[in-house]
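Numbering (the numbering used here), first residue to last: 159 to 582.
Here's the structure, in structure tokens; my notes come after.
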Ligand code: SF4
């Protein structure tokens, strides 16, 4: 979607974008100026023009955007900070419940804006306490030269533990990366999610468990999609999660997992506030990785691991490597020794994820080969843990997130390398 004033893609603009009913553009990036043909062609998603009948979705907006928007709305800018706190810290999604705002303002907000939390189509409850949500995301129609955003469905998984909950969220509907062990890959890429749709999944899952929340929340960006191929909306959502005035999650409790998109890793390393980085490794040689993760042909192991070394040098942060153990394919002692060599010199932790047999053409590793693999890593000084997926009976073990609608538990069809288990 293109801004009628700047000609820029609206997703890349950092300013608050609104126009008033007199046709003045209030984008923080642009000089205030009359909007050209506002009613006929304005594509600004924040447009208040009554002729267009558009309401602004506040979900996913930063504190700065909300302050600027409030000022454009004719209110003191600090009202934007109050809105920000109400949405992300207090989890109020209905303006009438924002009782620290004056009633007339609440009424004006209700007429001009909305907080579009994803809609729950279905909930699936696992015997282990996990809940898988099938969510409907509203799209928007095409207008002027702006392309339509199609409706989409994604999944989110809530996994409770004794002293924390872990929420696995999607960053794209479907995925184009085509990992061979992942059911999501079979959907192809449907579309990128917006920042609001990404942060909205966390808010929704927390709110759905408001009365039983543990003190700590972990978020893992390991559901549908490759987060680094939807970088700007993902980081806009992550900044809200990590903002002490927003959702106030600790950076070490938010993990972004990538299949190995090297330019995205480099870009992430330059962010001031970052989630933890996890790499979906799953192979001990290029030949193996090419076969199960075609992205490896573009960013082979040498290039990927050099990017990881650079990342680690710059940030002194542990990187997690996820390794799905596929019986007879990548689970031999020689594979374990090659993994040790690949990761040598890196501050790395390895999560070994035994494959769950299902409809994809892989088999589970033997218990003895799982243990031997782990022992070889640990004996060589490499931190390594075996992780088992949660929510397997509800197809919630991330790579199973392929919009499977089934009221009854289904067999554990597959497992993604990306969301095996909540981090310890
Ligand atoms: Fe995409 Fe992740 Fe599935 Fe690979 S494992 S296809 S990156 S969702």
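Backbone N, C-alpha and C define an ideal beta-carbon position, used for all residues, glycine too.
- Assignment of residue 282 by DSSP, reduced to helix, strand and coil, places it in the strand class.
- DSSP places residue 255 within a helical segment (H, G or I) once states are collapsed to three.
- Under the criterion of beta carbons closer than 8 Å, residue 412 and residue 399 qualify as touching, at roughly 6 Å.
- Judged by DSSP secondary structure, residue 365 falls within the alpha helix (DSSP H) whose first and last residues are 353-366.
- Taking a cut-off of 8 Å for Cβ pairs, the segment 383-402 and the segment 350-367 touch, as three or more such pairs fall below it.
- Judged by DSSP in its simplified three-state form, residue 528 adopts helix.
- Taking residue 527 as the centre and dropping the five residues before and after it, the same chain places the C-beta of 489 closer than 7 Å to its C-beta, in chain order.
- One thing to note: residue 379 has its Cβ within 8 Å of the Cβ of residue 414.
- When 243, 314, 353 are compared, the shortest CA-CA separation from residue 403 is found for 243.
- Not one heavy atom of the ligand SF4 sits closer than 7 Å to the Cβ of residue 413.
- Distance from the C-beta of residue 438 to the nearest heavy atom of the ligand SF4 is below 7 Å.
- Around residue 297, the same chain offers 307, 308, 309 as residues with beta carbons nearer than 6 Å, after the five sequence neighbours per side are excluded.
- The segment 502-517 makes contact with the segment 477-486, as at least three CB pairs between them are under 8 Å.
- Closest in alpha carbon position to residue 530, among 518, 433, 485, is 485.
- Under DSSP, the beta-bridge partners assigned to residue 506 are 477.
- Note: residue 215 is bridge-paired with 272 in the DSSP secondary-structure output.
- Counting only unbroken stretches of 3 or more residues, the beta strand (DSSP E) elements lying wholly within the segment 407-486 are 412-416, 434-438, 477-483, in sequence order.
- The beta-carbon separation of residue 343 and residue 337, rounded to 5 Å, stays under the 8 Å limit for a contact.
- Under the DSSP definition of a beta bridge, residue 379 partners with 414.
- Per the coordinates, the alpha-carbon of residue 388 lies some 11 Å from the alpha-carbon of residue 333.
- Here residue 353 is near residue 391, since their CB atoms are less than 8 Å apart.
- Residue 335 is positioned such that its CB atom lies closer than 8 Å to that of residue 417.
- Residue 323 is bridged by DSSP to 318, 375.
- When secondary structure is reduced to three states using DSSP, residue 547 falls in the coil class, being assigned neither helix nor strand.
- For residue 519, same chain residues with a beta-carbon under 7 Å away, outside a window of 5 residues either side, do not exist.
- Between residue 238 and the set 248, 498, 227, 435, the nearest pair of CA atoms involves 227.
- Checking the 7 Å criterion, the Cβ of residue 326 is out of range of every heavy atom belonging to the ligand SF4.
- With 16 or more other Cβ atoms inside 10 Å of its own Cβ, residue 324 counts as buried.
- For residue 457, the CB contacts under 6 Å within the same chain, skipping 5 residues up- and downstream, are 418, 420 in chain order.
- Residue 523 and residue 514 have their C-alpha atoms spaced approximately 9 Å apart.
- Here the distance from the Cβ of residue 466 to the nearest heavy atom of the ligand SF4 is not below 7 Å.
- When the alpha-carbon of residue 219 is set against those of 511, 548, 495, 274, the nearest one is in 274.
- A straight line joining the alpha-carbon of residue 241 with that of residue 295 spans about 22 Å.
- Cβ-Cβ distances below 6 Å link residue 277 to 294 in the same chain, with the five nearest sequence neighbours on each side left out; the list follows chain order.
- Beta-bridge analysis with DSSP links residue 312 to 293.
- Contact between residue 372 and residue 318 holds: CB atoms are separated by about 7 Å, below the 8 Å threshold.
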